[in-house]
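Remarks on the structure that follows.
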Amino acid sequence: MDFGFTEEQLMLQEVARRIAQEKIAPSAEHFDRVGEFPLENIRLLGENGLMGIEVPAEYGGAGMDPIAYVLAMIEIAAGDAAHSTIMSVNNSLFCNGILQFGTEAQKQKYVRAIAEGREIGAFALTEPQSGSDATAMRCRAARQADGSYVINGKKSWITSGPVAKYIVLFAMSEPDKGARGVTAFLVDTTQPGFHRGKTEPKLGIRASATCEIEFQDYVVAADDVLGTEGQGFKIAMSVLDAGRIGIASQAIGIARAAYEATLEYVKERKAFGAPIGT
14 MDFGFTEEQL MLQEVARRIA QEKIAPSAEH FDRVGEFPLE NIRLLGENGL
64 MGIEVPAEYG GAGMDPIAYV LAMIEIAAGD AAHSTIMSVN NSLFCNGILQ
114 FGTEAQKQKY VRAIAEGREI GAFALTEPQS GSDATAMRCR AARQADGSYV
164 INGKKSWITS GPVAKYIVLF AMSEPDKGAR GVTAFLVDTT QPGFHRGKTE
214 PKLGIRASAT CEIEFQDYVV AADDVLGTEG QGFKIAMSVL DAGRIGIASQ
264 AIGIARAAYE ATLEYVKERK AFGAPIGT
């Protein structure tokens, strides 16, 4: 069995490394200090296939495999954790969820612009009083006679919430069923009834914007239900499981960058007349 990387995987890794070193790392301190979303850099990632690595080409992605995703994520995270966080949500939580559970029409409508980096996707599960505890979910989806749903409620700490065009949203459609009463929806943030709260202050990774979002009588068409009614909790857990690959890859990239920075520092820092790294 060959455990080596393919030529295509290595090519994508090199593209990610070049962008991280030439574009992302030099501007990372600025974006973090001012808390500005790095839109130009994110669009560059999209133009190079990095915002939809495992998305098939017919939906605007690079059509590659999880290994390629890991290699690219490590490089971007080594350049800046915030950029890799935005990239991770786009790839693992938004695109992956629709590719796994969406209809052909949903894939065509929602995935391409996100995979190409022209728009940003988000994933809204957590609430002020609940995270993966679906039974505590307060965001409600009331089914109407025509099959549409009216959404009311809040979601908290939504990564890319301040800038997202589309969101995978989880709401309780049948409260008496507990976890089996959660349904997933595809939300267009330009439609009436969607509101963004304040951007949350953070200790770091500030270029990755995070905020509260609120729905007030927001109407979702039946065609924008992701999966089937009551399947939302299953979808959330499946997508989050896949997302852990991206988070682990980020950790490797951040650790490598810290190690490399330390090596450079110990070559320069002197004690008793000699570099401390000797």
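Per our numbering, residue 14 is the first one in the sequence shown, and the count goes up by one each step. C-beta atoms are modelled at their ideal positions from N, C-alpha and C, and glycine is treated no differently.
Cα-Cα separation between residue i and residue j, rounded to whole angstroms
i    : j    : result
V124 : E273 : 36 Å
E140 : G62  : 32 Å
M24  : L58  : 14 Å
T212 : G115 : 30 Å
L216 : G48  : 11 Å
R31  : A41  : 15 Å
I66  : S97  : 13 Å
A249 : H43  : 34 Å
A261 : A38  : 20 Å
K36  : D189 : 51 Å
P288 : Y278 : 9 Å
M185 : G259 : 27 Å
D201 : F18  : 38 Å
Residue i classed as buried or exposed, judged by whether at least 16 other C-beta atoms fall within 10 angstroms
i    : result
L199 : buried
A95  : buried
K120 : buried
E88  : buried
Beta-carbon gap between residue i and residue j smaller than 8 Å
i    : j    : result
I226 : K178 : no
G110 : V233 : no
F228 : I164 : yes
V83  : L112 : no
G266 : A90  : yes
I171 : A220 : no
F246 : V195 : yes
Y231 : Q204 : yes
Q157 : A197 : no
S101 : A255 : no
G166 : C152 : yes
N- and C-terminal bounds of the beta strand (DSSP E) containing residue i
i    : result
M14  : Neither: M14 is in no beta strand (DSSP E) and is coded neither H nor E.
G134 : G134 to A137
V232 : T223 to V233
V200 : V195 to D201
F207 : F207 to T212
A41  : Taken as a continuous stretch (DSSP letters only), A41 belongs to no beta strand (DSSP E), being part of the alpha helix (DSSP H) at A38 to V47.
Cβ-based neighbour list, residue i, same chain, cut-off 7 Å, excluding 5 preceding and 5 following
i   : result
Q34 : G92
G73 : G65, V124, R125, A128 and E129
Residue i: first and last residue of the uninterrupted alpha helix (DSSP H) it sits in
i    : result
S251 : G245 to E281
V163 : It is not in any alpha helix (DSSP H) - V163 instead sits in the beta strand (DSSP E) that spans Y162 to T172.
I89  : P79 to G92
A29  : E20 to I32
A184 : No alpha helix (DSSP H) contains A184, which is instead part of the beta strand (DSSP E) from Y179 to M185.
L58  : L52 to E60
G110 : N109 to F114
R125 : R125 to A128
Neighbourhood of residue i by C-beta, 6 Å cutoff - its chain only, sequence neighbours within 5 removed
i    : result
G191 : T148
beta-carbon residue i near the ligand FMN non-hydrogen atom, thresh 7 Å
i   : result
I80 : No copy of the ligand FMN occurs in the structure displayed, which carries no ligand at all.
Own chain, CB closer than 8 Å to residue i, minus 5 neighbours either side, in chain order
i    : result
T291 : none
Q22  : M77, D78, I80, A81 and L84
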